[in-house]
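A.B. asks:
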Amino acid sequence: MYRLYGNSGMANLAPHMALETIGAPYEMVRVDTASKEHQGATYLRLNPTGRVPVLVDGEQPIFETAAILLHLADRHPDAGLMPPVGTVERGLAYQWLIHLTNSVQVAYLAYYYPERQVADAALADSVRQAAEVRAGELFDLLDKALAGRDWLTADRPGIVDFMLLMLTRWGRNFAGRPPRLLPNIGTHAARTAALPAVIRAFEQEGLTQPWY
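Per this note's numbering, the very first residue in the sequence shown carries number 63; after that it's consecutive.
If you want it as structure tokens, here you go:
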């Protein structure tokens with residue numbers, strides 16, 4: 063049985079959607095980040111970076127959201143969470159998953175933790191504003207990629223779509239333009255959030271509407 067460590071609405075949300083879609087037995091283990099449980103010795107033995115999430119498969123912990131998603135897709139190919147190996151669609155799935163992780167998620171890191179990006183705390187607000195602009199540019203690109211498509215890389219929802227919904231949600235409180243206001247991103251978010259497995263994951267994490 064899998065164990066997924068995380069907290070409500072954090073980076074564990076996309077793997078949680080995947081686990082619900084797969085239907086394999088798992089346990090959701092809450093990590094109290096407010097009390098810095100993720101920085102304690104017990105958790106650091108699972109993930110030395112001190113971040114959530116961690117997936118424990120048997121006795122092996124795996125961290126990094128994208129790695130967890132890929133592992134689950136590979137372990138359960140019948141769930142169809144990734145296009146077949148060796149196809150162009152598979153390559154595009156890798157492309158967008160890495161883009162979401164290396165570009166969009168990095169912009170969010172600067173947006174939510176701007177003080178980590180500067181030595182002078184007085185500059186933090188400027189960093190946050192720039193990060194929101196950058197995230198908007200990245201979502202513009204994703205919106206174009208979704209034109210005429212229901213899902214980002216295949217003819218059925220998969221791990222890339224779960225990751226995109228999670229990151230769309232994270233921008234719901236942008237002061238300027240939340241991602242959901244982009245026509246294709248908004249439609250994709252609504253379509254993905256209506257999936258029964260996704261509804262279960264959101265509800266189990268205690269997340270209330272509006273989800274994105």
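The beta-carbon is built from N, C-alpha and C at its ideal position, and this holds for glycine as well. Nothing here was measured: the structure is a model prediction, and the numbers come from that model.
Kindly indicate the opening and closing residues of the alpha helix (DSSP H) around L162.
C.D. replies: Neither: L162 is in no alpha helix (DSSP H) and is coded neither H nor E.
A.B. asks: In the structure shown, what three-state DSSP assignment does Q179 receive?
C.D. replies: In the structure shown, Q179 sits in a helix (DSSP, three-state: H, G or I).
A.B. asks: With contact counted as at least three CB pairs below 8 Å, one residue from each stretch, are the region 254-267 and the region 186-204 in contact?
C.D. replies: Taking 8 Å as the limit for Cβ pairs, the verdict is that the region 186-204 does not touch the region 254-267.
A.B. asks: Give me the DSSP bridge partner(s) of L66.
C.D. replies: Its beta-bridge partners are M90 and L117.
A.B. asks: Report the residue ranges of all alpha helix (DSSP H) runs contained in full by the region 180-231; include only those spanning at least 4 residues, in chain order.
C.D. replies: Whole alpha helix (DSSP H) segments, 4+ residues: 186-207.
A.B. asks: Is it right to say V180 is buried, meaning 16 or more other beta carbons lie within 10 angstroms of its own, or is it exposed?
C.D. replies: Exposed, by the Cβ-count rule.
A.B. asks: Using only alpha-carbon positions, find the residue among F201, F264 and G148 that is nearest to P77.
C.D. replies: Measuring from the Cα of P77, the nearest candidate turns out to be F264.
A.B. asks: In whole angstroms, what separates the C-alpha of V189 from that of F201?
C.D. replies: Between V189 and F201, the C-alpha separation is close to 18 Å.
A.B. asks: Using the three-state DSSP reduction, which class does Q157 fall into: helix, strand or coil?
C.D. replies: If DSSP states are grouped into helix, strand and coil, Q157 belongs with the helices.
A.B. asks: Out of M72, Y88 and T83, which has the shortest C-alpha to C-alpha gap to M63?
C.D. replies: For the residues M72, Y88 and T83, the minimum Cα distance to M63 belongs to Y88.
A.B. asks: Assign G153 to buried or exposed, taking buried as 16 or more other Cβ atoms, counted over all protein chains shown, within 10 Å of its Cβ.
C.D. replies: By the 10 Å Cβ count, G153 comes out exposed.
A.B. asks: Taking the Cβ atom as the reference point for each residue, do T215 and P145 lie within a distance shorter than 8 Å?
C.D. replies: Yes. Within cutoff.
A.B. asks: Provide the residue(s) that pair with I124 in DSSP beta bridges, ordered along the chain.
C.D. replies: Beta-bridge pairing links I124 to L117.
A.B. asks: Using a Cβ distance threshold of 8 Å, determine whether the region 135-151 contacts the region 79-87, with at least three qualifying pairs required.
C.D. replies: Contact holds: three or more Cβ-Cβ distances are below 8 Å.
A.B. asks: Between A103 and T111, what straight-line distance do the alpha-carbon atoms span, to the nearest angstrom?
C.D. replies: Taking the straight line from one Cα to the other gives about 11 Å.
A.B. asks: Report yes or no: do the region 149-165 and the region 219-237 share at least 3 C-beta pairs separated by less than 8 Å?
C.D. replies: Touching, per the Cβ criterion.
A.B. asks: Kindly indicate the opening and closing residues of the alpha helix (DSSP H) around R107.
C.D. replies: It spans A103 to L108 - the alpha helix (DSSP H) in which R107 sits, taken as one unbroken run.
A.B. asks: Can you round the beta-carbon distance between A128 and T163 to whole angstroms, since I take them to be within the 8 Å contact cut?
C.D. replies: At roughly 5 Å, the Cβ-Cβ gap stays under 8 Å, so A128 and T163 are in contact.
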